[in-house]
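Enquirer: Using our numbering, read the sequence shown as starting at 44 and increasing by one per residue.
C-beta atoms are modelled at their ideal positions from N, C-alpha and C, and glycine is treated no differently.
Because the structure is a prediction, the values reported are computed rather than measured.
Here's a structure for you.
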Amino acid sequence: MDLIEAPWLVARRDDGGEDSVGLRALLLNAHRYTDLEVELPTQKPAILRQVLLPVVVDALGFPETPEEWAEHFHAPDGFTGQAAERLTEYLDEHRDRFGLFDPVDPFAQVGGLRTGKDETRNSALIVATAASGNNVPFWSARTDGQAPRLSPGRAAHWLLHTHCWDPGAIKTGAFGDPRARAGKVMGNPTGPLGALGLVLPMGRTLYESLWLNVPFGVTRLAGDLPQWRRRDREGPVEETRSTATPGWDSRPPRGPLDAWTWQARRIRLVPETAPQDADGDGEPEVNRVVVAAGDRLRLQPDHEFHTAWTVDSQTVHRKRLAKDPDALQIRPRRHRAGRAAWRGLDALLAVEGSTWQQDATEVGQGFHTAQILVKLAEAGAELPPDYPLRLELTGIAYNSKFSAIEDTFHDELPLPVAALRRDGLVRAALIGAVAQAERLADAVNRLVADLRRAAGARPVPGGEWQHPGESLLHALDPVVRLLLRLLRTSDEDFDRVDELLRAWEEKAGRETWKVAEHLLAQSPPGLFQGSVLVQGGKTRTYRLSTAERTFRDTLDDTLWRRANRRKGRGNALSSVVQGQPLGPPGQEFRAEQPDGSRQGSHQGSPGGKPDAGPGGRPGTEPHGKPDAGPGGRSATAPDGEGAA
Numbered sequence: 044m045d046l047i048e049a050p051w052l053v054a055r056r057d058d059g060g061e062d063s064v065g066l067r068a069l070l071l072n073a074h075r076y077t078d079l080e081v082e083l084p085t086q087k088p089a090i091l092r093q094v095l096l097p098v099v100v101d102a103l104g105f106p107e108t109p110e111e112w113a114e115h116f117h118a119p120d121g122f123t124g125q126a127a128e129r130l131t132e133y134l135d136e137h138r139d140r141f142g143l144f145d146p147v148d149p150f151a152q153v154g155g156l157r158t159g160k161d162e163t164r165n166s167a168l169i170v171a172t173a174a175s176g177n178n179v180p181f182w183s184a185r186t187d188g189q190a191p192r193l194s195p196g197r198a199a200h201w202l203l204h205t206h207c208w209d210p211g212a213i214k215t216g217a218f219g220d221p222r223a224r225a226g227k228v229m230g231n232p233t234g235p236l237g238a239l240g241l242v243l244p245m246g247r248t249l250y251e252s253l254w255l256n257v258p259f260g261v262t263r264l265a266g267d268l269p270q271w272r273r274r275d276r277e278g279p280v281e282e283t284r285s286t287a288t289p290g291w292d293s294r295p296p297r298g299p300l301d302a303w304t305w306q307a308r309r310i311r312l313v314p315e316t317a318p319q320d321a322d323g324d325g326e327p328e329v330n331r332v333v334v335a336a337g338d339r340l341r342l343q344p345d346h347e348f349h350t351a352w353t354v355d356s357q358t359v360h361r362k363r364l365a366k367d368p369d370a371l372q373i374r375p376r377r378h379r380a381g382r383a384a385w386r387g388l389d390a391l392l393a394v395e396g397s398t399w400q401q402d403a404t405e406v407g408q409g410f411h412t413a414q415i416l417v418k419l420a421e422a423g424a425e426l427p428p429d430y431p432l433r434l435e436l437t438g439i440a441y442n443s444k445f446s447a448i449e450d451t452f453h454d455e456l457p458l459p460v461a462a463l464r465r466d467g468l469v470r471a472a473l474i475g476a477v478a479q480a481e482r483l484a485d486a487v488n489r490l491v492a493d494l495r496r497a498a499g500a501r502p503v504p505g506g507e508w509q510h511p512g513e514s515l516l517h518a519l520d521p522v523v524r525l526l527l528r529l530l531r532t533s534d535e536d537f538d539r540v541d542e543l544l545r546a547w548e549e550k551a552g553r554e555t556w557k558v559a560e561h562l563l564a565q566s567p568p569g570l571f572q573g574s575v576l577v578q579g580g581k582t583r584t585y586r587l588s589t590a591e592r593t594f595r596d597t598l599d600d601t602l603w604r605r606a607n608r609r610k611g612r613g614n615a616l617s618s619v620v621q622g623q624p625l626g627p628p629g630q631e632f633r634a635e636q637p638d639g640s641r642q643g644s645h646q647g648s649p650g651g652k653p654d655a656g657p658g659g660r661p662g663t664e665p666h667g668k669p670d671a672g673p674g675g676r677s678a679t680a681p682d683g684e685g686a687a
């Protein structure tokens with residue numbers, strides 16, 4: 044099966060239809076397709092990194108400047124002219140390396156790979172969604188003797204997926220592997236993507252998505268080649284870096300192409316001819332495989348563009364060095380399964396890195412966003428302000444021994460291009476809105492804790508899923524995503540950004556009160572009298588009234604624009620006044636008064652006091668009180684209240 048011509052990739056058209064195409068047809072018509080269709084979201088980054096991106100870069104090279112990158116990105120007809128000719132010549136030159144079932148040199152496999160006992164395994168071994176081994180009777184109606192029969196296209200997808208995401212621990216030792224002991228290789232890590240929290244910028248078409256993931260200004264190092272150009276069958280693997288032999292090595296990558304096409308396992312698909320159909324044609328199928336230990340990646344941040352990073356403090360780094368002498372101070376920031384991606388926007392938008400005060404004299408490092416987003420920030424002038432950029436975030440959670448997949452993570456975020464500007468209004472607005480959502484969840488959790496104390500009980504222990512704050516964050520999820528989409532069109536306009544933030548606070552306040560009212564309505568009558576608790580030698584009385592008062596204060600302090608307007612100190616939303624809701628039909632924000640009525644028609648706050656701007660209070664509070672800066676509150680709120 045020739046992967047260059049045979050239809051093994053499924054591409055989505057503008058009209059929603061699908062085409063099954065080969066590699067050549069997909070690339071040359073990438074501008075006509077919107078995306079890839081895959082069986083599991085984790086397959087898409089595997090196909091992009093193992094095949095599409097390295098073919099494009101190896102054939103055309105990395106763009107040297109943002110302007111050269113923009114010429115490729117904005118080409119209306121995709122790969123045409125000289126670029127199409129170079130791609131075609133490249134695929135023709137390397138056609139013999141893209142045969143999926145080639146008996147001598149199969150694509151991304153080792154020809155003739157076998158174990159010492161000539162054993163093969165069930166094809167479920169490479170299918171992440173299929174139970175295998177001893178787990179089959181518990182998790183599937185299929186027995187281990189009933190192997191999934193994979194078409195060549197599906198087999199190719201799962202082959203690439205295994206190289207990227209395969210669980211670690213003990214692996215089969217292939218015949219001819221000098222490091223195998225008793226037919227096994229111990230201590231294998233997961234596939235390279237399993238250690239990352241993958242971040243892929245995506246565009247309107249597959250062509251744009253490809254270039255959004257190709258960095259510019261990258262120096263191509265000697266030896267930075269895709270795996271299909273490192274297929275020597277003679278010589279030690281430490282010198283040849285070959286992926287065509289049972290031997291393997293542990294090393295850092297030579298560059299992005301080496302990292303993208305990393306062969307974390309030595310694999311051989313075992314094709315069988317399927318029974319002939321009505322037309323008399325029998326297509327090969329795969330239901331047996333050989334999977335053995337492969338190359339071990341020593342991660343280098345300079346060559347990994349698709350993950351955000353956490354920078355450890357010196358103390359944490361010293362502790363990690365005690366366990367692993369090769370541990371780096373900077374490590375990939377993995378996604379947390381079950382947690383919405385927008386809750387990690389502080390790391391995703393850390394284009395120039397974030398810092399935190401480690402102690403009185405030292406400032407520690409926090410996060411660094413994915414290097415591909417740093418490149419897009421540098422090329423920000425080449426992208427239209429309202430470009431519909433979106434981020435696809437993908438990851439896998441393994442068990443404690445990294446020997447089995449427990450969960451997968453996949454989320455998509457619409458991201459305003461302006462949010463990548465270090466000191467921009469949109470970035471400050473988004474980080475401020477996320478911080479407000481987290482604080483509202485904390486306020487709801489504290490309300491529950493105070494109500495339980497008023498009843499003489501202890502707060503709910505442990506486990507985020509036990510707290511109603513998580514329910515609130517779930518309710519706020521579509522609101523935050525709508526805010527992200529609407530901010531695409533703001534283009535750093537102060538009034539527009541501020542208007543959207545005030546509308547966001549109105550909606551967030553209503554959703555928070557829905558949760559709080561439900562909790563208060565369930566309170567038993569005894570909570571009015573409350574209870575007295577002694578903590579740390581101090582006596583404190585908890586009552587329903589004090590719990591509600593604390594919650595109201597926190598709500599007003601967090602959503603201070605909403606509080607100002609509710610108390611008559613803020614401006615009205617002009618677009619609402621004019622009958623123009625913010626957003627398209629069915630997705631609009633609408634500001635309402637606490638009593639449910641629409642916002643009044645006044646255009647200014649009493650006394651002509653200035654309205655607040657994005658990310659913070661106005662420069663001067665009423666009565667001349669100073670501002671606390673973006674996302675904060677003044678040191679002393681007007682009228683002596685905690686929620687101005």
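Output needed for residue 524: all residues of its chain with C-beta closer than 8 Å, excluding positions within five of it in sequence on either side, in chain order.
Expert: Along the sequence shown, read from residue 1 onward, the residue named residue 524 stands at position 481. Here the set comprises 385, 456, 457.
Enquirer: Between which two residues does the beta strand (DSSP E) harbouring residue 118 extend?
Expert: As a position in the sequence shown, residue 118 is number 75, starting the count at 1. Unbroken run through residue 118: none, as it is neither H nor E.
Enquirer: Indicate whether residue 288 and residue 276 have their beta-carbon atoms separated by less than 8 Å.
Expert: By 1-based counting over the sequence shown, the position of residue 288 is 245. By 1-based counting over the sequence shown, the position of residue 276 is 233. Yes, these two residues count as a Cβ contact at 8 Å.
Enquirer: Tell me whether residue 437 sits in a helix, a strand or coil according to DSSP, three-state version.
Expert: The residue you call residue 437 lines up with position 394 of the sequence shown. Note: residue 437 maps to strand in three-state DSSP.
Enquirer: Smallest Cα separation from residue 279: which of 239, 270, 271, 220?
Expert: Position 236 of the sequence shown holds residue 279. Minimum Cα distance to residue 279 is reached at 220.
Enquirer: Does the segment 419 to 427 come within contact of the segment 350 to 358, defined as at least 3 CB pairs closer than 8 Å?
Expert: The answer is no - the segment 350 to 358 does not touch the segment 419 to 427, with fewer than three Cβ pairs under 8 Å.
Enquirer: Is the segment 260 to 269 close to the segment 233 to 252, with three or more CB pairs under 8 Å?
Expert: These segments do not touch.
Enquirer: Could you tell me the alpha carbon to alpha carbon distance between residue 567 and residue 592, rounded to whole angstroms?
Expert: On the sequence shown, position 524 is the one that residue 567 refers to. On the sequence shown, position 549 is the one that residue 592 refers to. Their Cα atoms are separated by approximately 17 Å.
Enquirer: My parser needs the beta strand (DSSP E) runs of 3 or more residues fully inside the segment 277 to 319; what are they?
Expert: Counting only runs of 3 or more, we get 308 to 316.
Enquirer: With distances taken between CB atoms, is the gap from residue 168 to residue 130 smaller than 8 Å?
Expert: Position 125 of the sequence shown holds residue 168. Position 87 of the sequence shown holds residue 130. No.
Enquirer: Please state whether the Cβ-Cβ distance between residue 334 and residue 215 is less than 8 Å.
Expert: Position 291 of the sequence shown holds residue 334. Position 172 of the sequence shown holds residue 215. Yes, these two residues count as a Cβ contact at 8 Å.
Enquirer: Quick check on residue 454: does DSSP put it in helix, strand or coil?
Expert: For this step, residue 454 is matched to residue 411 along the sequence shown. Three-state DSSP puts residue 454 in a strand.
Enquirer: For my contact list, residue 547 and residue 577 are in at a C-beta cut-off of 8 Å; report their separation, rounded to the angstrom.
Expert: Within the sequence shown, numbered from 1, the residue matching residue 547 stands at position 504. Within the sequence shown, numbered from 1, the residue matching residue 577 stands at position 534. 41 Å between Cβ atoms; not a contact.
Enquirer: Look up residue 410 in the DSSP assignment and give the residues it is bridged to.
Expert: On the sequence shown, residue 410 is found 367 positions in, with the first residue counted as 1. Answer by DSSP bridge pairing, in chain order: 353.
Enquirer: Are the beta-carbon atoms of residue 598 and residue 555 separated by less than 8 Å?
Expert: Counting from one through the sequence shown, the residue named residue 598 turns up at place 555. Counting from one through the sequence shown, the residue named residue 555 turns up at place 512. Yes, these two residues count as a Cβ contact at 8 Å.
Enquirer: Excluding five sequence neighbours on each side, which residues of the same chain lie with their C-beta closer than 7 Å to the C-beta of residue 515?
Expert: As a first step, residue 515 is located in the sequence shown; it is residue number 472 there, counting from the start. Answer for residue 515: 483, 484, 487, 554, 555, 558, listed in chain order.
Enquirer: Taking only the alpha-carbon atoms, compute the straight-line gap between residue 610 and residue 430 and give it to the nearest angstrom.
Expert: Counted from its first residue, the sequence shown places residue 610 at position 567. Counted from its first residue, the sequence shown places residue 430 at position 387. Residue 610 and residue 430: Cα-Cα distance of roughly 38 Å.
Enquirer: When DSSP labels each residue in this structure, what does residue 460 get in the three-state scheme?
Expert: On the sequence shown, position 417 is the one that residue 460 refers to. Residue 460 falls in the helix class under three-state DSSP.
Enquirer: Just the C-alpha distance for residue 535 and residue 88, rounded to the nearest angstrom, thanks.
Expert: In the sequence shown, residue 535 corresponds to position 492, counting from 1. In the sequence shown, residue 88 corresponds to position 45, counting from 1. Their backbone Cα atoms lie some 32 Å apart in a straight line.
Enquirer: Let me check understanding here. Comparing Cα to Cα, which of 91, 55, 467 lies closest to residue 394?
Expert: The residue labelled residue 394 in the question sits at position 351 within the sequence shown. Answer by Cα proximity: 467.
Enquirer: How many angstroms separate the CA atom of residue 463 from the CA atom of residue 79?
Expert: Within the sequence shown, residue 463 is the residue found at index 420, counting from 1. Within the sequence shown, residue 79 is the residue found at index 36, counting from 1. Using only the alpha carbons, I get a separation of about 26 Å.
Enquirer: Kindly indicate the opening and closing residues of the beta strand (DSSP E) around residue 275.
Expert: As a first step, residue 275 must be located in the sequence shown, where it is residue number 232. Segment: none, residue 275 is in no beta strand (DSSP E) and carries neither H nor E.
Enquirer: Rounded to a whole number of angstroms, what is the C-alpha to C-alpha distance between residue 434 and residue 224?
Expert: Within the sequence shown, residue 434 is the residue found at index 391, counting from 1. Within the sequence shown, residue 224 is the residue found at index 181, counting from 1. Their Cα atoms are separated by approximately 43 Å.
Enquirer: For residue 336, collect the residues of the same chain with a Cβ closer than 8 Å to its Cβ; drop the 5 residues on either side in sequence, then sort them by chain order.
Expert: Counting from one through the sequence shown, the residue named residue 336 turns up at place 293. Once the five neighbours on either side are set aside, the close Cβ partners of residue 336 are 214, 215, 216, 217, 220, 222, 223, 228, 231, 291, 308, 309.
Enquirer: Evaluate residue 295 with the Cβ neighbour count: other Cβ atoms within 10 Å of its Cβ, from every protein chain shown; 16 or more gives buried, anything less gives exposed.
Expert: As a first step, residue 295 must be located in the sequence shown, where it is residue number 252. When all chains shown are included, residue 295 counts as exposed.
Enquirer: Which full runs of the alpha helix (DSSP H) of 4+ residues lie inside the segment 528 to 583, going along the chain?
Expert: If we require 4 residues or more, the alpha helix (DSSP H) runs fully inside the segment 528 to 583 come out as 537 to 564.
Enquirer: Sort 61, 73, 306, 474 by Cα distance to residue 121 and report the nearest one.
Expert: By 1-based counting over the sequence shown, the position of residue 121 is 78. Ranking 61, 73, 306, 474 by Cα distance to residue 121 puts 73 first.
Enquirer: Hey, would you say residue 551 sits closer than 8 Å to residue 473, going by beta carbons?
Expert: For the purposes of this step, residue 551 is taken as the residue at position 508 of the sequence shown. For the purposes of this step, residue 473 is taken as the residue at position 430 of the sequence shown. Going by C-beta atoms, residue 551 is not nearer than 8 Å to residue 473.
Enquirer: Would you please state the rounded distance, in angstroms, between the beta carbons of residue 329 and residue 163? I believe it to be under 8 Å.
Expert: Here residue 329 refers to the residue found at position 286 of the sequence shown. Here residue 163 refers to the residue found at position 120 of the sequence shown. In fact, because the Cβ distance is near 11 Å, the residues do not count as touching under 8 Å.
Enquirer: Verify whether the separation of the beta carbon atoms of residue 154 and residue 161 is less than 8 Å.
Expert: For the purposes of this step, residue 154 is identified with residue 111 of the sequence shown, where counting begins at 1. For the purposes of this step, residue 161 is identified with residue 118 of the sequence shown, where counting begins at 1. Cβ distance not < 8 Å, so residue 154 and residue 161 don't count as in contact.
Enquirer: Per the DSSP calculation, residue 53 is bridged to which residue(s)?
Expert: One-based indexing of the sequence shown puts residue 53 at position 10. Answer by DSSP bridge pairing, in chain order: 63, 80.
Enquirer: Given a threshold of 16 other Cβ atoms within 10 Å of its Cβ, counted over all protein chains shown, does residue 404 qualify as buried or as exposed?
Expert: The count along the sequence shown starts at 1 and reaches residue 404 at position 361. For residue 404, the pLDDT reaches just 45, beneath the cut-off of 50, and the residue's location in the model is therefore unreliable, leaving the point undetermined.
Enquirer: So, with DSSP's three-state summary, where would you put residue 332?
Expert: Taking the sequence shown and counting its residues from 1, one reaches residue 332 at position 289. Residue 332 falls in the strand class under three-state DSSP.
Enquirer: Do you know offhand how far residue 315's Cα is from residue 211's?
Expert: Numbered from 1 along the sequence shown, position 272 holds the residue referred to as residue 315. Numbered from 1 along the sequence shown, position 168 holds the residue referred to as residue 211. Residue 315 and residue 211: Cα-Cα distance of roughly 28 Å.
Enquirer: Please classify residue 59 as buried or exposed, where buried requires at least 16 other C-beta atoms within 10 Å of its C-beta.
Expert: By 1-based counting over the sequence shown, the position of residue 59 is 16. The residue in question, residue 59, is exposed, as its Cβ has fewer than 16 Cβ neighbours within 10 Å.
Enquirer: Apply the 10 Å Cβ neighbour rule to residue 189 and answer buried if 16 or more other Cβ atoms are within range, or exposed otherwise.
Expert: Locating residue 189 in the sequence shown gives position 146, counting from the first residue. It counts as exposed.
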